[in-house]
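Trainee: If you scroll down you'll find the structure; I have some questions about it.
In structure tokens:
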């Protein structure tokens, strides 16, 4: 099996998958709470600008904060109700960030507008990119980079591939898996829309072979042309293919996915544009479809709640701004075995400090792990075994880079390629000495911004 | 016989080479300003880098070459500055001695904590992944990054918070740039009145997570007879140029934020010291 399926060339690890915990159950819609905290900035790039005032009535889908600059994204109200206050609160990734507190009136005024029959009218193709931008679509794989920016390559660049990341290589997470299984046609239609905007016909959806049902659903949607059901007007021709990939972390990392599917390597310090590729996540594809066909802003997403310390692991559809505590309640609460909680996947996620933080666009999963799952061993000295070198998908030598960082030799660490590190954590996963390799690379990156130019 | 030959040969070689060396030392001698050596002699030889030059000799070369009155060796203080000025025959800029100070007293026993941090024991590393265990968004992370950079063992970590030993601090300010939350600032040496908190949160929020946190109630601002205390951008700040160490602000602080000093066995300014100061003035 592994000999016939593609993968990236160098390194990689295959941790315990843990997908069976959450993959089986149906998608559950989380009850919208009375009060939501919508972070003003939920993307990578320039912070958004708040356009509502305290006490103002808002509708579902109304803009709360607008994009400020080209690399920015607006934020929409997930409910109808009143703006309680605009203040600071803790979110995942920041101790204090501006948030808009909204009191939900339970009426969902304005949501009807997004519930009509979806139509993708290809005669309005020029309008698609604008709809994606104004719907606040960002990369839903986790990085939350504004999608519209990635769909508008610089004029001198020729794009020939649109790659869709359905790998979901992070262990435990199944949020993308469930979207591919349950809404395959819309996902593929979203891919077609993005391909149409980019003017390419070659679309490759990379899915790891540990998700056979997702591969089957996508292949069916493509081969039986189900995805074109909502299409109207002059439909361009597409060459959409589902590419089964070997289960190997970090298959879904942008550069690794490009290598696995096209065999091309993105040069150090450059973007996928430089090898004629654009990479988008399957969740993003669905959000693009909703934005174009339903003119529906991005105000809800699927979050995987899983791990040994949650009562009902599964996938939960939650509005942006819903506190994590509401999701935990929907999943039956945590058990006493809870030892560690993580926002994101186990390899790259961030620690979840408390359950008051809201769901944001980039939140793919919440892990509630038992002591056995989260086993943290004590860090010891590097034994120079070189396993990290074998595991690094970027071809770096993590042991060397971090040894320099230990002695605060940031320039040396950078010269060994620290800035090329994608922080996937493969090295740390295989390290027999349990070295905190990624943390040291992050330190190098942090200090590299402070070094004199 | 061989040993005599060898000895003679080596003696001859040594004689010849010594002639060459003597010639070279005269011919290629580098004239160095003797003042540089003299200045270097009186420098503390800490090589701390606080002056911004590579070590004490680098500072000596700079100060002799430039006669810059603003180039100051902070560990040496004003006494050393006067000595250097005497050697070089120039005026010096008066600069009060300073010491680093940590503006947080939220030790593990007074600040609310949540979760555990098992990662790399480094404040910056923990802060980069927002994994501080203290609920306070601006409290001391307590992982001791500043302790590691201090060359003078002047910083101690105890109960999840760092303290600076003023008698050991040479004001090199290395720790100042290390703290990811900018909790360490330089204050005038001997200054004992400080608002020991850096939070920007509102009072009600602060009360939830720290017993010693400043709630910005403004009582000290109103009490200060010299108007040295002010509320700037939600944080109480003391203007050390105006502060006369009267200690009036200490008892009025409802949170004990200004009184925080006493709790850690340090010299408390208080009334006695204030009286001393008044006597000195008189």
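Protein chains in written order, with the numbering used here: chain H, 77 to 529; chain F, 5 to 286.
C-beta: ideal position from N, C-alpha, C; glycine also.
Keep in mind it's a predicted model, so treat the numbers as computed, not measured.
Check each residue of the stretch 84-99 of chain F: if its Cβ is closer than 7 Å to any Cβ of chain H, include it; give the result in chain order.
Mentor: Result list empty, no residue passes.
Trainee: Using 9 Å as the limit for Cβ to Cβ distance, is residue 522 of chain H near chain F?
Mentor: On the first chain, residue 522 of chain H is found 446 positions in, with the first residue counted as 1. Yes - at least one Cβ of chain F is within 9 Å of the one on residue 522 of chain H.
Trainee: With H, G and I counted as helix, E and B as strand and the rest as coil, what does DSSP make of residue 438 of chain H?
Mentor: Residue numbering aside, residue 438 of chain H sits at position 362 when the first chain is read from its first letter. Reduced to three states, the DSSP call for residue 438 of chain H is coil.
Trainee: Of all the CB atoms in chain F, is at least one closer than 9 Å to the CB of residue 429 of chain H?
Mentor: Here residue 429 of chain H is taken as the residue at index 353 of the first chain, counted from 1. By this cut-off, residue 429 of chain H is an interface position.
Trainee: Determine the contact status of residue 188 of chain F and residue 176 of chain F, defining contact as a CB-CB distance below 9 Å.
Mentor: Against the second chain, residue 188 of chain F aligns to sequence position 184. Against the second chain, residue 176 of chain F aligns to sequence position 172. The answer is no: Cβ separation not under 9 Å.
Trainee: Taking Cβ positions, are residue 126 of chain F and residue 185 of chain F nearer each other than 9 Å?
Mentor: In the second chain, counting from the first residue as 1, residue 126 of chain F sits at position 122. In the second chain, counting from the first residue as 1, residue 185 of chain F sits at position 181. Cβ atoms of residue 126 of chain F and residue 185 of chain F: not closer than 9 Å.
Trainee: Can you tell me whether DSSP reads residue 487 of chain H as helix, strand or coil?
Mentor: For the purposes of this step, residue 487 of chain H is taken as residue 411 along the first chain, with counting starting at 1. Looking at residue 487 of chain H - three-state DSSP - the assignment turns out to be helix.
Trainee: Just verifying my parser: in three-state terms, what is the DSSP assignment at residue 340 of chain H?
Mentor: Here residue 340 of chain H is taken as the residue at index 264 of the first chain, counted from 1. Three-state result, residue 340 of chain H: coil.
Trainee: Report yes or no: is there a C-beta of chain H within less than 9 Å of the C-beta of residue 208 of chain F?
Mentor: Taking the second chain and counting its residues from 1, the one referred to as residue 208 of chain F is at position 204. Cβ-Cβ to chain H under 9 Å: no for residue 208 of chain F.
Trainee: Please tell me whether residue 155 of chain F has its Cβ less than 9 Å away from any Cβ of chain H.
Mentor: Along the second chain, one-based indexing puts residue 155 of chain F at 151. So, not an interface residue.
Trainee: Which residue marks the beginning of the beta strand (DSSP E) containing residue 415 of chain H, and which one marks its end?
Mentor: Taking the first residue of the first chain as position 1, residue 415 of chain H is located at position 339. 414-419 is the span of the beta strand (DSSP E), which, as asked, contains residue 415 of chain H.
Trainee: Have a look at H:142, H:238, H:433 and flag the residue whose alpha-carbon is nearest the alpha-carbon of residue 333 of chain H.
Mentor: Against the first chain, residue 333 of chain H aligns to sequence position 257. Minimum Cα distance to residue 333 of chain H is reached at H:238.
Trainee: Any C-beta of chain F within less than 9 Å: which residues of the stretch 170-191 of chain H qualify?
Mentor: Of all residues in the stretch 170-191 of chain H, 170, 171, 172 have a Cβ within less than 9 Å of some Cβ in chain F.
Trainee: Would you list, in chain order, the members of the stretch 189-214 of chain H that have their beta-carbon closer than 8 Å to a beta-carbon of chain F?
Mentor: Those residues of the stretch 189-214 of chain H that come within reach of chain F (Cβ to Cβ, closer than 8 Å) do not exist; the list is empty.
Trainee: List, in chain order, every chain F residue whose beta-carbon is nearer than 9 Å to that of residue 84 of chain H.
Mentor: Counted from its first residue, the first chain places residue 84 of chain H at position 8. Simply none; closest approach about 26 Å.
Trainee: The stretch 102-126 of chain F: which residues have C-beta closer than 9 Å to a C-beta of chain H, in chain order?
Mentor: Answer in chain order: 118, 119, 120, 121, 122, 123, 124, 125, 126.
Trainee: Which whole runs of the beta strand (DSSP E) in the stretch 346-379 of chain H are 3 residues long or more, in chain order?
Mentor: Fully enclosed beta strand (DSSP E) runs of 3 or longer: 353-357.
Trainee: Considering only residues of the same chain and omitting the five flanking positions on each side of residue 264 of chain F, which have a CB-CB separation below 6 Å?
Mentor: Here residue 264 of chain F refers to the residue found at position 260 of the second chain. With a pLDDT of only 45 at residue 264 of chain F, under the threshold of 50, the placement of this residue in the model should not be trusted; the figure read from the coordinates follows. Closer than 6 Å at the Cβ level, and outside the excluded window around residue 264 of chain F, lie 109, 200, 216.
Trainee: Report buried or exposed for residue 249 of chain H, applying the criterion of at least 16 other Cβ atoms within 10 angstroms of its Cβ.
Mentor: Here residue 249 of chain H refers to the residue found at position 173 when the first chain is read from its first residue. By the neighbour-count rule (16 or more Cβ atoms within 10 Å), residue 249 of chain H is buried.
Trainee: Check whether chain F comes within 9 Å of residue 41 of chain H, counting only Cβ atoms and requiring the distance to be less than that.
Mentor: For chain H, the structure presents residues 77 to 529; residue 41 of chain H sits outside this window and is missing.
Trainee: Identify the contact partners of residue 518 of chain H in chain F, using a Cβ-Cβ distance below 8 Å as the criterion.
Mentor: Locating residue 518 of chain H in the first chain gives position 442, where the first residue counts as 1. In chain order: 129, 132, 133.
Trainee: Is the distance from the Cβ of residue 161 of chain F to the Cβ of residue 139 of chain F below 9 Å?
Mentor: On the second chain, residue 161 of chain F is found 157 positions in, with the first residue counted as 1. On the second chain, residue 139 of chain F is found 135 positions in, with the first residue counted as 1. In this structure, residue 139 of chain F does not lie closer than 9 Å to residue 161 of chain F by Cβ.
Trainee: In three-state terms, what does DSSP make of residue 25 of chain F?
Mentor: Looking up residue 25 of chain F in the second chain gives position 21. Note: residue 25 of chain F maps to helix in three-state DSSP.
Trainee: Taking C-beta pairs closer than 8 Å, name the residues in chain H that residue 141 of chain F reaches, listed in chain order.
Mentor: The sequence position of residue 141 of chain F within the second chain is 137, counting from 1. Ordered by position in chain H, the residues that pass the 8 Å Cβ test against residue 141 of chain F are 166, 171, 172.
Trainee: On the CB-based measure, 16 or more other CB atoms within 10 Å of its CB, does residue 236 of chain F come out buried or exposed?
Mentor: Numbered from 1 along the second chain, position 232 holds the residue referred to as residue 236 of chain F. Burial call: exposed.
Trainee: Between residue 42 of chain F and the rest of its own chain, which residues show a CB-CB distance below 7 Å, the 5 nearest in sequence each way excluded?
Mentor: The residue given as residue 42 of chain F occupies position 38 in the second chain. Excluding sequence neighbours, residue 42 of chain F sits near 91.
Trainee: Whole angstroms is fine: what's the gap from residue 277 of chain F's alpha carbon to residue 193 of chain F's?
Mentor: Here the question's residue 277 of chain F lines up with position 273 in the second chain. Here the question's residue 193 of chain F lines up with position 189 in the second chain. Low confidence applies here, because residue 277 of chain F scores a pLDDT of 46, under 50, leaving its location unreliable and the question unanswered by this model.
Trainee: Decide if the stretch 215-228 of chain H is in contact with the stretch 105-122 of chain H; the criterion is three or more beta carbon pairs, one per stretch, under 8 Å apart.
Mentor: A contact exists between the stretch 215-228 of chain H and the stretch 105-122 of chain H.
Trainee: Of all the options H:389, H:231, H:171, H:210, which has the alpha carbon lying nearest to the alpha carbon of residue 134 of chain F?
Mentor: Within the second chain, numbered from 1, the residue matching residue 134 of chain F stands at position 130. Residue 134 of chain F has its Cα closest to that of H:171, out of H:389, H:231, H:171, H:210.
Trainee: Could you tell me whether the Cβ of residue 239 of chain F comes closer than 9 Å to any Cβ of chain H?
Mentor: What you label residue 239 of chain F is simply residue 235 of the second chain in a count that begins at 1. So, not an interface residue.
Trainee: Flag this pair as yes or no: are the beta carbons of residue 463 of chain H and residue 497 of chain H separated by less than 9 Å?
Mentor: Residue mapping note: residue 463 of chain H aligns to position 387 of the first chain, counting from 1. Residue mapping note: residue 497 of chain H aligns to position 421 of the first chain, counting from 1. It is not a contact, given that the beta carbons lie outside the stated cut-off.
Trainee: Hey, out of F:37, F:25, F:50, whose CA is closest to residue 173 of chain F's CA?
Mentor: Locating residue 173 of chain F in the second chain gives position 169, where the first residue counts as 1. Among F:37, F:25, F:50, the Cα nearest to that of residue 173 of chain F belongs to F:50.
Trainee: Shorter than 9 Å from the beta carbon of residue 212 of chain F to some beta carbon of chain H?
Mentor: As a working mapping, residue 212 of chain F is identified with position 208 in the second chain. Not closer than 9 Å to any Cβ of chain H, the Cβ of residue 212 of chain F fails to qualify, so no.
Trainee: Ignoring anything shorter than 3 residues or poking outside the stretch 210-263 of chain F, list the beta strand (DSSP E) runs there in chain order.
Mentor: Counting whole runs of 3 or more residues, the stretch 210-263 of chain F contains the beta strand (DSSP E) stretches 233-236, 239-242.
Trainee: Who are residue 197 of chain H's beta bridge partners in DSSP?
Mentor: On the first chain, position 121 is the one that residue 197 of chain H refers to. According to DSSP, residue 197 of chain H bridges with H:308.
Trainee: Who are residue 113 of chain H's beta bridge partners in DSSP?
Mentor: As a working mapping, residue 113 of chain H is identified with position 37 in the first chain. Note: residue 113 of chain H sits in a beta bridge opposite H:177.
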